[in-house]
Amino acid sequence: MELLEKRIQRDGIVKAGNVLKVDGFLNHQMDIVLFNEMGKEFKRLFADRPVNKILTIEASGIGIACVAAQYFHVPVVFAKKAQSVNIDGEVYHTRIESFTHKRVYDVIVSRKYLGPEDHVLIIDDFLANGCAVNGLLDLTERAGAAVEGIGIAIEKGQQAGGKLLRGRGYRVESLAIIESMDEKTGEIRFRR
Numbered sequence: 001m002e003l004l005e006k007r008i009q010r011d012g013i014v015k016a017g018n019v020l021k022v023d024g025f026l027n028h029q030m031d032i033v034l035f036n037e038m039g040k041e042f043k044r045l046f047a048d049r050p051v052n053k054i055l056t057i058e059a060s061g062i063g064i065a066c067v068a069a070q071y072f073h074v075p076v077v078f079a080k081k082a083q084s085v086n087i088d089g090e091v092y093h094t095r096i097e098s099f100t101h102k103r104v105y106d107v108i109v110s111r112k113y114l115g116p117e118d119h120v121l122i123i124d125d126f127l128a129n130g131c132a133v134n135g136l137l138d139l140t141e142r143a144g145a146a147v148e149g150i151g152i153a154i155e156k157g158q159q160a161g162g163k164l165l166r167g168r169g170y171r172v173e174s175l176a177i178i179e180s181m182d183e184k185t186g187e188i189r190f191r192r
């Protein structure tokens, strides 16, 4: 998606450790006009799939998922990183390692909101090694739901996550795939 690539080029900052900082428009301060275009593109890419739920993980995927959901006319379910008193009943549980935060999270989804009747589109902001998406796939499998696809805003193509997911037969559509980043020059190259 050219609009997203241009925004990454303009406002993204390459940091040490293969980190791309996009918090000015994607995952801290959110550019809703950009999100709207991303939501339209996800709908175009997955228009042939019978999606009835969008699944993401807190926190950075929620905004993108919510904007996209308005084009699919479906609810968003997000995996919570902590049990809270307002979640009653049984939950699906998995563990996810965060590339950015370098820690493991226990994540949950209430069984009330994800089940065998669901056709899920997973949406997230980043795909690097695939840990978050694999956790969401685990939750979906535990629920007996069908995965209709995986929509990613930014994929780090130089890391293995996307290749591994596609190799397992999942349809992964990334709006921008980074081929390489240079922390010294700040140069970002995209896969074509």
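Counting in the working numbering, the sequence shown runs from 1 upward without gaps. C-beta atoms are modelled at their ideal positions from N, C-alpha and C, and glycine is treated no differently. Predicted model, so just to flag it, every value in this text is computed and none were measured.
Give me the Cα-Cα distance between residue i and residue j, rounded to the nearest whole angstrom.
| i | j | result |
| --- | --- | --- |
| residue 36 | residue 119 | 22 Å |
| residue 157 | residue 98 | 17 Å |
| residue 111 | residue 1 | 35 Å |
| residue 144 | residue 164 | 22 Å |
| residue 115 | residue 186 | 44 Å |
Please classify residue i as buried or exposed, where buried requires at least 16 other C-beta atoms within 10 Å of its C-beta.
| i | result |
| --- | --- |
| residue 167 | exposed |
| residue 51 | buried |
| residue 80 | buried |
Do residue i and residue j have their C-beta atoms closer together than 8 Å?
| i | j | result |
| --- | --- | --- |
| residue 10 | residue 34 | no |
| residue 68 | residue 54 | yes |
| residue 190 | residue 183 | no |
| residue 107 | residue 123 | no |
| residue 41 | residue 176 | no |
| residue 92 | residue 77 | no |
| residue 64 | residue 153 | yes |
| residue 49 | residue 149 | yes |
Please name the residue, chosen from the options, that lies closest to residue i on a Cα-to-Cα basis.
| i | options | result |
| --- | --- | --- |
| residue 104 | 113, 135, 115, 116 | 135 |
| residue 20 | 47, 126, 131 | 126 |
| residue 25 | 12, 132, 89, 17 | 12 |
So residue i and residue j are supposed to be a Cβ contact under 8 Å. How far apart are they, rounded?
| i | j | result |
| --- | --- | --- |
| residue 82 | residue 129 | At roughly 22 Å, the Cβ-Cβ gap does not stay under 8 Å, so residue 82 and residue 129 are not in contact. |
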